[in-house]
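Here is the structure we will look at.
This is the structure we're talking about:
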């Protein structure tokens with residue numbers, strides 16, 4: 001099922017009617033990575049994001065303990081409105097859930113960061129053939145051998161999403177995505193996955209997404225907000241919550257629409 | 260004198276060789292609004308910027324007391340590298356200076372916010388005729404009758420820059436500027452200045468910039484970082500420092516260059 005509007009989509013998540021990946025949902029609306037951390041870590045994580053703006057473009061930071069995100073959507077309640085969350089305890093993934101109302105705490109701070117799924121609708125509207133969409137899949141994400149700038153206690157490798165496009169559409173896809181700097185902007189690499197340390201296309205994070213390249217296709221790689229999750233978790237806080245990879249918050253903000 | 264590179268430009272400022280407006284300087288490099296506040300106000304001002312991202316797009320926030328801004332340029336020292344600063348005492352402008360080394364304090368926090376001067380080079384490269392540039396002037400800025408979202412103790416009217424373009428280039432200028440969301444993005448108004456509360460074109464802030472519209476020209480208005488200065492000053496801190504309007508920091512970051 002495809003939900004056209006963000007409010008409809010979030011309602012479906014809140015009611016437990018949808019718990020899948022958000023690629024293709026509410027096309028044209030900004031999707032966001034979500035990282036929730038205890039207040040004691042918030043300032044350092046904020047600095048980590050500021051110093052790594054391509055993987056971690058800040059859309060909004062909620063007030064201490066506040067589960068709403070009115071700047072991104074009037075009725076958003078971050079405890080219920082994502083399709084799927086990942087809970088980390090002392091820096092280790094403990095479980096995926098579809099609601100975090102029961103574990104919310106007053107000392108939590110929510111970070112919303114841009115996501116490249118936000119510009120997929122613009123790529124398609126611009127004429128780019130995205131095979132993962134044609135096959136009804138989400139894009140794959142990979143860890144690279146690049147590192148981001150550390151801010152103690154946060155560190156992480158750069159993680160990327162991969163999209164395969166027809167060879168002659170690389171420039172078009174580059175040009176369109178560059179118009180969305182708050183959604184990671186232009187690609188960080190085009191071509192051979194091994195050049196950025198992706199040894200096997202089967203190493204896609206969570207096994208999610210289209211992970212092969214066919215003849216006549218070129219692989220394109222964009223910075224990915226999973227970088228922010230891995231950085232957040234690296235601090236080993238007693239509790240860290242993120243979206244489950246590919247299961248984003250969909251906001252009421254229209255993704256930037258160049259004319 | 261036009262300086263082509265940001266480091267050259269900042270050196271000239273640091274040595275006291277240049278103290279004019281930055282429009283047209285170091286074309287293609289990102290220019291930034293600068294607001295410096297005591298630490299006690301930093302969190303609230305940060306929130307004000309997050310809630311008003313069009314006039315106040317955050318490029319970077321320096322660490323407490325640190326006058327460097329390495330994320331925006333390796334050698335930047337905010338105490339010396341702007342052509343002109345404005346000092347406010349208890350919420351009142353006290354004087355304009357060309358260096359703030361003598362009044363720097365360890366409790367100050369520097370905010371760098373995007374600026375529409377960053378996309379002027381792209382407008383010109385895209386074929387837009389900007390008469391203020393042809394006349395060797397900067398653009399004018401005005402207060403509007405719109406208000407931004409308050410965050411106690413910060414409030415301000417929305418301030419805009421005005422650029423006049425040939426009537427048939429409004430769409431082109433809109434399209435190009437929309438590609439620079441961290442430099443205020445697309446226009447907030449096109450057409451009659453009175454529609455946004457600009458009663459007289461002679462009310463341009465500091466009397467700076469081209470303030471007339473000729474036959475065959477349309478006025479275009481973009482959100483302006485002077486909004487952030489006025490908000491910062493509204494708190495009445497014992498010391499607030501900003502760039503003098505139109506006298507920006509020029510960073511080493513290339514303004515986003517869509518292909």
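Chains as they are written, first to last, in the working numbering: chain G, 1 to 259; chain U, 260 to 518. In this text, a Cβ means the ideal position worked out from N, Cα and C, and glycines have one as well. Computed from a predicted model, the values in this text were never measured in an experiment.
Proximity to residue i [Cα-Cα], best of the options
i: residue 377/U; options: 260/U, 281/U, 488/U, 503/U; result: 281/U
i: residue 36/G; options: 253/G, 241/G, 251/G, 248/G; result: 241/G
i: residue 173/G; options: 130/G, 182/G, 160/G; result: 130/G
i: residue 514/U; options: 428/U, 426/U, 368/U, 373/U; result: 373/U
i: residue 484/U; options: 503/U, 382/U, 435/U; result: 503/U
i: residue 206/G; options: 250/G, 140/G, 154/G, 171/G; result: 140/G
i: residue 151/G; options: 44/G, 75/G, 63/G, 223/G; result: 44/G
i: residue 405/U; options: 442/U, 360/U, 456/U; result: 456/U
i: residue 306/U; options: 365/U, 412/U, 348/U, 354/U; result: 412/U
Residue i classed as buried or exposed, judged by whether at least 16 other C-beta atoms fall within 10 angstroms
i: residue 143/G; result: buried
i: residue 375/U; result: buried
i: residue 260/U; result: exposed
i: residue 520/U; result: Any question about residue 520/U goes unanswered here, given that chain U covers just 260 to 518.
i: residue 263/U; result: exposed
i: residue 252/G; result: buried
i: residue 340/U; result: buried
i: residue 259/G; result: Only weak support exists for where residue 259/G lies, its pLDDT of 41 falling under 50; the coordinates are left without a value.
i: residue 368/U; result: buried
i: residue 161/G; result: buried
i: residue 332/U; result: buried
i: residue 24/G; result: buried
Distance between residue j and residue i (C-alpha atoms, nearest Å)
i: residue 65/G; j: residue 471/U; result: 49 Å
i: residue 69/G; j: residue 111/G; result: 10 Å
i: residue 278/U; j: residue 336/U; result: 16 Å
i: residue 458/U; j: residue 452/U; result: 7 Å
i: residue 32/G; j: residue 276/U; result: 45 Å
i: residue 6/G; j: residue 15/G; result: 14 Å
i: residue 127/G; j: residue 203/G; result: 29 Å
i: residue 267/U; j: residue 149/G; result: 27 Å
i: residue 350/U; j: residue 492/U; result: 5 Å
i: residue 159/G; j: residue 309/U; result: 26 Å
i: residue 356/U; j: residue 343/U; result: 6 Å
i: residue 175/G; j: residue 181/G; result: 12 Å
i: residue 57/G; j: residue 34/G; result: 12 Å
i: residue 38/G; j: residue 27/G; result: 32 Å
i: residue 221/G; j: residue 191/G; result: 8 Å
i: residue 474/U; j: residue 460/U; result: 15 Å
i: residue 428/U; j: residue 11/G; result: 42 Å
i: residue 30/G; j: residue 124/G; result: 15 Å
i: residue 430/U; j: residue 380/U; result: 17 Å
i: residue 99/G; j: residue 13/G; result: 9 Å
i: residue 361/U; j: residue 321/U; result: 19 Å
i: residue 482/U; j: residue 219/G; result: 38 Å
i: residue 354/U; j: residue 88/G; result: 52 Å
Residues near residue i by beta carbon distance below 8 Å, same chain, minus five either side
i: residue 454/U; result: 448
i: residue 104/G; result: 67, 79
i: residue 217/G; result: 131, 164, 165, 166, 167
i: residue 227/G; result: 52, 55, 56, 148, 156, 157, 158, 159
i: residue 392/U; result: 282, 283, 379, 383
Own chain residues within Cβ distance below 7 Å of residue i, not counting five before or after
i: residue 437/U; result: 444, 445
i: residue 93/G; result: 86
i: residue 135/G; result: 210
i: residue 71/G; result: 60
For residue i, three-class secondary structure by DSSP
i: residue 12/G; result: helix
i: residue 139/G; result: strand
i: residue 265/U; result: helix
i: residue 227/G; result: helix
i: residue 290/U; result: strand
i: residue 18/G; result: coil
i: residue 65/G; result: coil
i: residue 472/U; result: coil
i: residue 112/G; result: strand
i: residue 518/U; result: Model confidence at residue 518/U stands at a pLDDT of 41, short of 50, so the residue's coordinates are unreliable and nothing is read from them.
i: residue 93/G; result: strand
i: residue 128/G; result: coil
i: residue 46/G; result: helix
i: residue 505/U; result: coil
i: residue 336/U; result: strand
i: residue 199/G; result: coil
Residues of its chain near residue i, where Cβ-Cβ distance is below 6 Å and the 5 sequence neighbours each way are ignored
i: residue 505/U; result: 280, 397, 467
i: residue 41/G; result: 235, 237
i: residue 508/U; result: 291, 293, 341
i: residue 107/G; result: 38, 39
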